[in-house]
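Protein chains in written order, with this note's numbering: chain A, 1 to 340; chain B, 1001 to 1291. For glycine and all other residues, C-beta sits at the position ideal for the given N, C-alpha and C.
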Amino acid sequence: MSTVEEPVSARPPTAGEYAANGAFRWSCYGFGALVVVLLAYIVLEIFRLGWPAMQERGLAFVVGTVWDPNRNEFGILPEIWGTLYSSLLGILIGSVLGVAVAIFLAEGFVAAGVFWVLSRFGLQYTRLWSHFPEQVETFVKTLIQLLAAIPSVVYGLWGIFVVIPAIRPMCNWIHEGLSGIPFFSTALSGPGILPAAIVLAIMVLPIITSISYEALVAVPPKIREASFGLGATRWETILGVLLPTAAPGIFGAILLAFGRALGETMALAMLVGNSNTLSLSLFSPANTIAALLANNFGEAGDREVSLLMYAALVLLIITLVVNILGSLVLQKLVVKEGKR
Amino acid sequence: MSDIHNPDAHISAGHPKSSPDQIRAGHPKSGPANGDVIIDCNLHELYYGQFKAVRDTHIPIRKNKITAFIGPSGCGKSTVLRCLNRMNDLVRGFRFDGHVHFQGRNIYDRSIDPVAVRRHIGMVFQQPNPFNMSIYNNVAFGLRLNGYKGSIAERVEQALRRAALWDEVKDKLKQNGLSLSGGQQQRLCIARAVATEPKVLLMDEPCSALDPIATRRIEELMTELKQRFTIAIVTHNLQQAQRVADETGFLYVDTTQGGRTGYLVEYGSSQQIFQDPREEPTKQYIRGEFS
Ligand SMILES: Nc1ncnc2c1ncn2[C@@H]1O[C@H](COP(=O)(O)OP(=O)(O)OP(=O)(O)O)[C@@H](O)[C@H]1O
Ligand SMILES: [Mg+2]
């Protein structure tokens, strides 16, 4: 305990400290502003370069279905369709898979399983093995994170050489049996919407899984207990209590993944078929805006660059709209939770 | 039903489960329960992993009576209570030696589904834990689980009235349960637990978040409910135990064997425990010499 005689150790901040504080604050403002400026600059530049094409083509570019430089006809409706179709399908598959994996991890099934195996040998509390269940669980989590580190060109190759051959027989079998249904109206001859969506689903898996996992483990354990205490089974607890409670986080994860899927370029350019087709069929080749850009900018002259920038702007707007709509839904979910 | 099957609970691993009806029917001859003992809890040694949390605790809980568990913090009151409806199965590394008979049947028997047990033996937890859903749905949750055929709205109202919460929430049943105050949340949890009319209600310090008035209401509720249910309650409030409990068990921590192992010191009618305790730790605890 300090006594009265002790020298007073409190003093006001020095001029130097004030200066450092101010410098720190202003540099934070500066970097923050830089991000905004950068974004604005990119959008502006795209807009500027795309402007001639926008003036020349107007909305016909967005609703046109032909991309034929020889006939001077340019339309990106099939690409818009392909972008939305492949991302939505990929997100659908990826969400189901990703949330399931997140549940699997958050519920500790992995650790519990390892613990059970260890307990068969009576090793579960020994020095060496007692942390093993958690270690295995962390390892599995890391593996899923590692999916995000695979370059998308590798995903593309994997899709071409593994996914397509693997699903082709089944797809064609479905097509033969059910060709009356629009979704199966064409045969899968190689690249197409479905293989693209499957690979997209795996690419967005780490995003969906890790964020959903965080949302699920953030659900207070006492809520779980409440549900079990009422005599709910594990699945009733997961579906009735845990998922609804974690819904905002899971939805946020899906939204983020959707943004990623919309803009994914390389893997899709390799897998979607780059064909200007507008079809409901899951097995039909298609094209996406990002793939269109990647495939055409190489030999593009001034005029094509302007067209491609116009297409890029359309992609930007789609992403923006998806994000705004998503944020609105998210806000609603969160408000509902916090409302007094 | 068997989904809850928990690989860690050695007691329940991988065996066909019985339906709730089988438990309800009971097998009077298969266990030691006699007369009006509805739960016969006999824990010889109880472990969380390597940690021996409780030993030598034998508590017979009588039908239509209120049984209180008292004792210092960390002595294992919650642990014992959670054994009675297999909530501890959720803890990895939980195991125990002994048995818990409910209506004459060992609820830790391999043929028994813990989910079914919990539908008959409900629980109110130490901390309020309403679901992130409307007040109405919170109370209706258990009813829906049980596939209740009657009017859910009626039962919800009845449960909320019993928990002394109806007047405060009747105009905002659609609001989120989390929007209530802490004490209201706890009463909501009580309503949720009584809505399904379990045979036994386990209450872990149900009043620790409540003001004296609400506490009195809950105590009245307990006395009213014991006509229909059996209640086991953990409390730090000795006056409360004296006021409401018919029987009281005193648990204490044994530190002599290196660990901190809880055990039952004394068990008897509340009158005897509070007026004429036999064991020295009980006397000291009731005199308030330690807590
Ligand atoms: N899930 C668990 N895993 C490991 N140890 C636990 C667990 N739950 C309780 N314990 C331990 O068991 C002992 C008894 O805990 P318990 O919660 O039953 O005490 P309590 O009598 O209810 O205390 P309080 O009055 O403070 O609530 C404590 O030493 C505690 O650390
Ligand atoms: Mg406790």
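Applying the 10 Å Cβ sphere with the 16-neighbour rule, what's the burial state of residue i?
i, result
"A:Thr209", "buried"
"B:Lys1149", "exposed"
"A:Gly58", "exposed"
"A:Phe121", "exposed"
"B:Pro1212", "exposed"
"B:Asp1171", "exposed"
"B:Ala971", "The question about residue 971 of chain B has no answer, for chain B in this structure spans 1001 to 1291."
"A:Gly50", "buried"
"A:His406", "Absent from the structure is residue 406 of chain A, since the part of chain A shown begins at 1 and ends at 340."
"A:Phe139", "exposed"
"A:Asn21", "exposed"
"B:Asn1138", "buried"
"A:Trp81", "buried"
"B:Asp1167", "exposed"
"B:Asp1254", "buried"
"B:Pro1277", "buried"
"A:Asn295", "exposed"
"B:Thr1215", "buried"
"A:Thr237", "buried"
"A:Met341", "Since the displayed chain A opens at 1 and closes at 340, residue 341 of chain A lies outside it and no answer follows."
"A:Met170", "exposed"
"A:Asn72", "exposed"
If you run the structure through DSSP and keep just helix, strand and coil, what is residue i?
i, result
"B:Arg1082", "helix"
"A:Pro7", "coil"
"B:Val1054", "strand"
"A:Leu330", "helix"
"A:Trp129", "coil"
"B:Gln1112", "A small correction: the amino acid at residue 1112 of chain B is Ile; Gln does not occupy that position in the sequence shown. Strand."
"B:Ile1233", "strand"
"B:Arg1105", "strand"
"A:Phe74", "strand"
"A:Gly156", "helix"
"B:Phe1131", "coil"
"B:Ser1269", "strand"
"B:Cys1207", "coil"
"B:His1015", "Summary for B:His1015: the model assigns pLDDT 39, below 50, so the residue's position carries little reliability; its value from the coordinates is reported in the next sentence. B:His1015: coil per DSSP, three-state reduction."
"B:Tyr1148", "coil"
"B:Asn1042", "strand"
"B:Glu1247", "strand"
"B:Leu1264", "strand"
"B:Gly1098", "strand"
"A:Asn295", "helix"
Using C-beta distances below 6 Å, list every residue in its chain close to residue i, excluding the 5 sequence neighbours before and after it, in chain order.
i, result
"B:Leu1264", "Thr1057, Gly1249, Leu1251"
"A:Pro182", "Leu280"
"B:Ala1194", "Here residue 1194 of chain B is Val; the residue named in the question, Ala, does not match the sequence. Closer than 6 Å at Cβ, skipping near neighbours: Ala1159, Arg1162."
Can we count residue i as close to ligand 1, meaning its CB is less than 8 Å from some heavy atom?
i, result
"B:Phe1229", "no"
"B:Ser1078", "yes"
"B:Arg1278", "no"
"B:Pro1072", "yes"
"B:Asp1254", "no"
"A:Gly326", "no"
"B:Leu1251", "yes"
"A:Phe115", "no"
"B:Arg1155", "no"
Does the distance between the C-beta of residue i and the nearest non-hydrogen atom of ligand 2 fall short of 8 Å?
i, result
"B:Gln1126", "yes"
"B:Val1054", "no"
Excluding the 5 residues flanking residue i on each side, which residues of the same chain have their C-beta closer than 8 Å to its C-beta?
i, result
"B:Asn1176", "Asn1132, Met1133, Ser1134, Ile1135"
"A:Pro52", "Arg303, Ser306"
Once the 5 residues before and after residue i are set aside, which same chain residues still bring their CB inside 7 Å of it?
i, result
"B:Leu1043", "Val1054, Thr1057, Val1080, Cys1083, Phe1096, Gly1098"
"A:Gly156", "Met266, Ala267, Met270, Leu271"
"A:Phe74", "Arg57, Phe61, Gly64, Trp67, Leu307"
"A:Ala343", "It is not possible to answer for residue 343 of chain A, since the shown part of chain A is limited to 1 through 340."
"A:Ser179", "Ser185"
"B:Pro1060", "Val1037, Asp1040"
"B:Gly1074", "Val1253, Arg1260"
Segment contact flag, the stretch 189-197 of chain A with the stretch 219-229 of chain A, C-beta cutoff 8 Å, min 3 pairs: no
Cβ contact check for the stretch 103-120 of chain A and the stretch 249-256 of chain A: 3 or more pairs under 8 Å: no
Segment contact, 8 Å Cβ cut-off, at least three pairs: the stretch 1117-1125 of chain B with the stretch 1197-1216 of chain B: yes
Three CB pairs or more closer than 8 Å across the stretch 1064-1076 of chain B and the stretch 140-148 of chain A: no
Stretch-stretch touch, CB-based, cutoff 8 Å, three pairs: the stretch 1066-1078 of chain B with the stretch 1218-1233 of chain B: yes
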